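Next comes the structure, spelled out in structure tokens:
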């Protein structure tokens, strides 16, 4: 967010991935194949992302659900099908040395929590990093190249102090949103442990956001055949960066519910819905109205910010607590299930404050993970 806003496995299955998105709005995505998984052990303080010889699930195909038939006299008993875990995209490429902010720190902590507490329910899969060609669809070359190389330094240091690990992180986390969208279209739901997205504009990053993965994800969905994509942005702050990139695209519908005026944008068409909530009592109703605005889209990208929390030092609103945010995520999941709309989530905002520490931030983001894990896939 703006400087002025802030007071300051267990058995892990493997996905072999590869997709080609024909045509669409700009450059199509390259075909990729990937066989890396996040394993729940560490080397030198980092999770090890290792190759594995035998993929068991392929994106674009239905996961195999094994059924065993047993004979007992003349009767046969069929075991219930295996539950398909929620696929969430993350890898150790997200890790930044000495992270300056929760945006670059919390993805690893959420991944740790998933590995320790959600084995069998949530599957972590390493994404394919965003490429330069992909990013040039949504950003200017000067910005993309500065982040990739660190030069010129005045541009490269615009959002965070540049380092090789920072560059690796933002290319990987941006690609994770694209991969989550592709997986959601094929399987119904997916997620990316990506944060720092919706304030980034074509020419420059802003507000702790480097590349706009929401915009890239929306274009990936359109490339894959989605006629309309809905962006549900419930971060505490407005998603003006996303709107500046995609607001003129008739295939993208916006539903933005904020509690802070930072990065405010003005709707210019019926497909644009934006509201800033003044009171916690109005918050959940505003989310329901935003969901109604997205009725009929082919995919929702859920920018599931937790910074509306009253304890958050950047953007929090008094009265919006854990219970309210849990209900918000349940509302979103129930709407997605009722309407049968595929969806992918990203972490978005969530920062320390007088009433919120890093463990508490992880607890809040797990509300989104758990809500999506409960969706049929």
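Numbering (my numbering), first residue to last: 19 to 395. Positions of the beta carbon are idealized from the N, C-alpha and C atoms, including for glycine. Fair warning: this is a prediction, and the values are worked out from it, not measured in the lab.
{"query": "Three-state secondary structure (DSSP) of residue 398", "result": "In this structure the chain extends from 19 to 395, so residue 398 is not present and cannot be described."}
{"query": "Distance CB(residue 104)-CB(residue 390) smaller than 7 angstroms", "result": "yes"}
{"query": "Cutoff 6 angstroms; reference residue 329; Cβ partners in own chain excluding five residues on either side", "result": "371, 373 and 374"}
{"query": "Own chain residues within Cβ distance below 6 angstroms of residue 235, not counting five before or after", "result": "195, 196, 199 and 319"}
{"query": "First and last residue of the uninterrupted alpha helix (DSSP H) at residue 390", "result": "376 to 391"}
{"query": "Where residue 141 sits in the DSSP three-state scheme", "result": "strand"}
{"query": "Cα-Cα separation between residue 250 and residue 116, rounded to whole angstroms", "result": "31 angstroms"}
{"query": "C-beta atoms of residue 248 and residue 315 nearer than 7 angstroms", "result": "yes"}
{"query": "Cβ-based burial, residue 179 [other Cβ within 10 Å; buried from 16]", "result": "exposed"}
{"query": "CB contact flag (residue 185, residue 147, <7 angstroms)", "result": "no"}
{"query": "Residue 120 versus residue 345: straight-line alpha-carbon distance, rounded", "result": "24 angstroms"}
{"query": "Inter-residue CB distance, residue 210 and residue 364 (contact presumed, cutoff 8 angstroms)", "result": "5 angstroms"}
{"query": "Host beta strand (DSSP E) of residue 251 (start-end)", "result": "247 to 251"}
{"query": "Segment limits, beta strand (DSSP E) that includes residue 105", "result": "104 to 107"}
{"query": "Collapsed DSSP secondary structure at residue 164 in the structure displayed", "result": "helix"}
{"query": "Pairwise C-alpha distance: residue 308 and residue 208", "result": "21 angstroms"}
{"query": "Rounded C-alpha distance that separates residue 291 from residue 299", "result": "20 angstroms"}
{"query": "Inter-residue CB distance, residue 3 and residue 254 (contact presumed, cutoff 8 angstroms)", "result": "Because the chain spans 19 through 395 in this model, residue 3 falls outside it and cannot be assessed."}
{"query": "Straight-line Cα distance separating residue 154 from residue 181", "result": "21 angstroms"}
{"query": "Whole-angstrom distance between residue 151 and residue 193, CA atom to CA atom", "result": "12 angstroms"}
{"query": "First and last residue of the uninterrupted alpha helix (DSSP H) at residue 201", "result": "182 to 205"}
{"query": "Proximity winner among 351, 367 and 288, relative to residue 9 (alpha-carbon distances)", "result": "The question about residue 9 has no answer, for the chain in this structure spans 19 to 395."}
{"query": "Reference residue 267; option with closest CA among 286, 282 and 275", "result": "286"}
{"query": "Simplified DSSP assignment, three categories, for residue 337", "result": "coil"}
{"query": "Supposed close pair residue 342, residue 301 - CB separation, criterion 8 angstroms", "result": "6 angstroms"}
{"query": "Proximity below 7 angstroms, CB of residue 259 to CB of residue 311", "result": "no"}
{"query": "7 angstroms Cβ shell around residue 127 - same chain, five flanking residues per side excluded", "result": "376 and 380"}
{"query": "Unbroken stretches of the alpha helix (DSSP H), 4 residues or longer, contained in the region 337 to 372", "result": "340 to 357"}
{"query": "Length at least 4, wholly inside the region 250 to 285: the alpha helix (DSSP H) runs in chain order", "result": "258 to 264"}
{"query": "Contacts around residue 183, its chain only, beta-carbon distance under 6 angstroms, and the 5 residues preceding and following it disregarded", "result": "114 and 115"}
{"query": "N- and C-terminal bounds of the alpha helix (DSSP H) containing residue 311", "result": "301 to 311"}
{"query": "Nearest-angstrom Cα separation, counted from residue 164 out to residue 173", "result": "6 angstroms"}
{"query": "Nearest-angstrom Cα separation, counted from residue 170 out to residue 339", "result": "42 angstroms"}
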